[in-house]
Amino acid sequence: MTDAPLWPDEFAERYRAAGYWRGETFGRMLRDRAAAHPDRTAVVDGDRRWSYGELDTRADRLAAGYAARGVRKGDRVVVQLPNVAEFFEVIFALFRIGALPVFALPAHRETEIRYFCEFTEAVAYVFPAEPVAGFDYRKLAADVQAQVPTLRHIWTAGDPDLPADSATAEVDVPAPGDLAFLQLSGGSTGVPKLIPRTHDDYIYSLWGSNELCGVDADSVYLVALPAAHNFPLSSPGSLGVLYAGGRVVMCPQPDPETAFPLIEKEGVTITGLVPPLALVWTEAGPATSYDLSSLDVLLVGGAKFSEEAARRVTPALGCTLQQVFGMAEGLVNYTRLDDPVETIVTTQGRPISPDDEIRIVDDHDVQVAPGETGHLLTRGPYTIRGYWRAPDHNKRSFTEDGFYRTGDVVRMTETGHLVVEGRAKDQINRGGEKIAPEEVENVILAHPAVHDVSVVAIPDEYLGERTLAYVIVRDGAEQPKPVAIKKHVRERGLAAYKVPDKVEFVTAFPQTGVGKVSKKDLRAASEAAAEPHRKA
Ligand code: OOB
Numbered sequence: 001m002t003d004a005p006l007w008p009d010e011f012a013e014r015y016r017a018a019g020y021w022r023g024e025t026f027g028r029m030l031r032d033r034a035a036a037h038p039d040r041t042a043v044v045d046g047d048r049r050w051s052y053g054e055l056d057t058r059a060d061r062l063a064a065g066y067a068a069r070g071v072r073k074g075d076r077v078v079v080q081l082p083n084v085a086e087f088f089e090v091i092f093a094l095f096r097i098g099a100l101p102v103f104a105l106p107a108h109r110e111t112e113i114r115y116f117c118e119f120t121e122a123v124a125y126v127f128p129a130e131p132v133a134g135f136d137y138r139k140l141a142a143d144v145q146a147q148v149p150t151l152r153h154i155w156t157a158g159d160p161d162l163p164a165d166s167a168t169a170e171v172d173v174p175a176p177g178d179l180a181f182l183q184l185s186g187g188s189t190g191v192p193k194l195i196p197r198t199h200d201d202y203i204y205s206l207w208g209s210n211e212l213c214g215v216d217a218d219s220v221y222l223v224a225l226p227a228a229h230n231f232p233l234s235s236p237g238s239l240g241v242l243y244a245g246g247r248v249v250m251c252p253q254p255d256p257e258t259a260f261p262l263i264e265k266e267g268v269t270i271t272g273l274v275p276p277l278a279l280v281w282t283e284a285g286p287a288t289s290y291d292l293s294s295l296d297v298l299l300v301g302g303a304k305f306s307e308e309a310a311r312r313v314t315p316a317l318g319c320t321l322q323q324v325f326g327m328a329e330g331l332v333n334y335t336r337l338d339d340p341v342e343t344i345v346t347t348q349g350r351p352i353s354p355d356d357e358i359r360i361v362d363d364h365d366v367q368v369a370p371g372e373t374g375h376l377l378t379r380g381p382y383t384i385r386g387y388w389r390a391p392d393h394n395k396r397s398f399t400e401d402g403f404y405r406t407g408d409v410v411r412m413t414e415t416g417h418l419v420v421e422g423r424a425k426d427q428i429n430r431g432g433e434k435i436a437p438e439e440v441e442n443v444i445l446a447h448p449a450v451h452d453v454s455v456v457a458i459p460d461e462y463l464g465e466r467t468l469a470y471v472i473v474r475d476g477a478e479q480p481k482p483v484a485i486k487k488h489v490r491e492r493g494l495a496a497y498k499v500p501d502k503v504e505f506v507t508a509f510p511q512t513g514v515g516k517v518s519k520k521d522l523r524a525a526s527e528a529a530a531e532p533h534r535k536a
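The numbering of the sequence shown is full-length UniProt numbering, which starts it at 1 and goes up by one.
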């Protein structure tokens, strides 16, 4: 079994012949853009403006530094950076030498980072030199390094200790079909799965997105969501805009107070938000004194955007709304810029590629009638054929003929647009941030007073869903305060968004026929409990 199951030859040949896979790599892509327009601005971060030429030179210098320290093609490097220009310097340096960035999010803490380093046998971890939102990553880096034998290096972004010679190292350059990086899955299991993406497949998702989102060399993209997430990275995201020769503007925080002045100053034309942020921007838009008229397109996705909220976007912000329903595993759907308003506000779009195969099936994998609701399965030129080093899990998450089981419940309209109706996977979508209940449950179970726990979603007006942990206390133990459970999760080093919003104590869980905890019944109970509040 290889680390990453890729496409069978017949599919790879088809995708190449169709022109989806262009035989490009990220390292080459930046080199070509820098040669074509060295002085155009590539990245803006506060007062810093890096041209394509400068980004290219910086990536080279850092690539030489990494190579000199023994980082080789195929090595994994966990990268955890906030929205700063160095994010691109680091990832393009790694792309150049064929090392694979593992894209951690700034919110991840020791448990997650240690797992990524351990599981991927990472040789290095790159983290922010300065604290972010009051959190200092240096201690985390040192602690993780002490526990993970493969982790030879911990480097801050733009580390001054790396050799600063600009000579391009003699490196084994990656081929277009090679892996480019590992993305994280939202996950529905105890630990996040890693998603292997190749240069060829990811670059197709970039230029395919650019065509549908109107991105060209004049586009200015605001990176408001965490830069490493698949949505702001590739839908069409920063990498799509760099591919087109446009400009990327780093936004340190996604709130209107930070983002609106940047939109005015840089003439931002396009950005992407999760639904809760889109609501906040929509509320702030009409009253702002900043000029937002440059903004052409606002992409909203990551979680279901309600029709009422969707209708308010264009009047409030003066831009076109584009809904996006995507996943780090591949498939991305967009409403088209010229779709009728009714389609834009009521659907989550249709696939990028004519060769994205969509199957909507019942519980027995039998295709449902057109227009009926069912499980979404997909296969195509930028959807993975398996997670990285997870053969057993892959048997469950992929069909024998290579379709990915998304865990999403959808229906297709007559125009081929998908409407997300729900979810079958055991995952909580907290305003676009994905939480695997099992991961949080495992941590809560380690609390000495806890006998059993079940984490479920509760409906929330603003975030769509929040988390509720139902806890059964151990016989003879004193019932802890809910805040003690939350504190325990935080202290175990899990990202803050995974800390349960609510903790309730019960004496038993509803059971399924075979004696397993019935999450369905628990969810129904929590929904019934939440109903009066929702109406209030
Ligand atoms: C994006 O990627 P992930 O990997 O964080 O999460 C994927 C999951 C989907 O399977 C679905 O359950 C949910 O997030 N989702 C949506 C949605 N967009 C994503 N559910 C309802 N409506 C939507 N519009 O979230 C992602 C990746 C690329 C582009 C956009 C989002």
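C-beta: ideal position from N, C-alpha, C; glycine also. The structure presented is a predicted model; accordingly, all values stated were derived computationally and were not measured.
Sequence-distant residues of the same chain with beta carbon closer than 7 Å to residue i, five excluded per side
| i | result |
| --- | --- |
| Pro510 | Ser518, Asp521, Leu522 |
| Lys193 | Ser185, Gly187, Tyr387, Ala390, His393 |
| Asp56 | Leu30, Arg31, Ala34 |
| Ser205 | Ser234, Val332, Ile352, Tyr382 |
Which of helix, strand or coil DSSP assigns to residue i
| i | result |
| --- | --- |
| Ala469 | strand |
| Glu421 | strand |
| His37 | coil |
| Tyr404 | strand |
| Glu121 | coil |
| Val274 | coil |
| Gly371 | coil |
| Ala18 | coil |
| Phe509 | coil |
| Arg114 | helix |
| His108 | coil |
| Ser518 | coil |
| Asp143 | helix |
| Asn394 | helix |
| Glu504 | strand |
| Leu295 | coil |
| Ile344 | helix |
| Glu439 | helix |
| Glu461 | coil |
| Leu242 | helix |
| Asp56 | helix |
| Ile384 | coil |
Cβ neighbour criterion (16 or more within 10 Å) applied to residue i
| i | result |
| --- | --- |
| Trp60 | For clarity, residue 60 is Asp in the given sequence; the question names Trp instead. So Asp60 counts as buried. |
| Val211 | The identity of residue 211 in the sequence shown is Glu, whereas the question assumes Val. Exposed, since its Cβ has fewer than 16 Cβ neighbours within 10 Å. |
| Ser293 | exposed |
| Ala536 | Its pLDDT being 35, under 50, Ala536 is placed unreliably in this model, and the coordinates cannot settle the point. |
| Ser289 | exposed |
| Pro254 | buried |
| Leu182 | buried |
| Val300 | buried |
| Lys304 | buried |
| Glu266 | buried |
| Thr120 | buried |
| Phe116 | buried |
| Ala180 | buried |
| Val366 | exposed |
| Gln322 | buried |
| Pro131 | exposed |
| Val440 | buried |
| Glu307 | exposed |
| Ala85 | buried |
| Leu94 | buried |
| residue 585 | Within the shown structure, residues of the chain are numbered from 1 to 536, placing residue 585 beyond reach of any answer. |
Any non-hydrogen atom of the ligand SAM closer than 7 Å to residue i Cβ
| i | result |
| --- | --- |
| Val297 | This structure simply doesn't include the ligand SAM; it includes the ligand OOB instead. |
Beta-carbon proximity list for residue i, same chain, < 8 Å, skipping 5 on both sides
| i | result |
| --- | --- |
| Thr282 | Ala309, Arg312, Val313, Ala316, Leu317 |
| Arg396 | Arg405 |
| Ala278 | Leu298, Val300, Phe305, Ala309, Val313 |
6 Å CB neighbourhood of residue i in its chain, flanking five on each side removed
| i | result |
| --- | --- |
| Phe87 | Leu81, Ala227 |
| Arg152 | Val123 |
| Gly493 | Arg109, Glu110, Thr111 |
| Arg33 | Tyr52, Gly245 |
| Tyr137 | Phe127, Pro128 |
| Ile203 | Glu24 |
| Ala477 | Ala449 |
| Pro286 | Ala316 |
| Asn230 | Gln183, Ala328 |
| Taking one C-beta from the region 456-463 and one from the region 426-434 each time, how about it: are there three or more such pairs within less than 8 Å? | Contact check between the region 456-463 and the region 426-434: three or more CB pairs, one atom from each, fall below 8 Å, which counts as touching.
| message | Whether or not the region 212-225 and the region 408-426 are in contact is what I'm after, with contact meaning three or more pairs of Cβ atoms, one per stretch, closer than 8 Å; do they touch? | response | The answer is no - the region 212-225 does not touch the region 408-426, with fewer than three Cβ pairs under 8 Å.
| query | Is the region 197-209 touching the region 20-28, taking contact as three or more C-beta pairs under 8 Å? | reply | Touching, yes, given that three or more Cβ pairs across the two stretches are closer than 8 Å.
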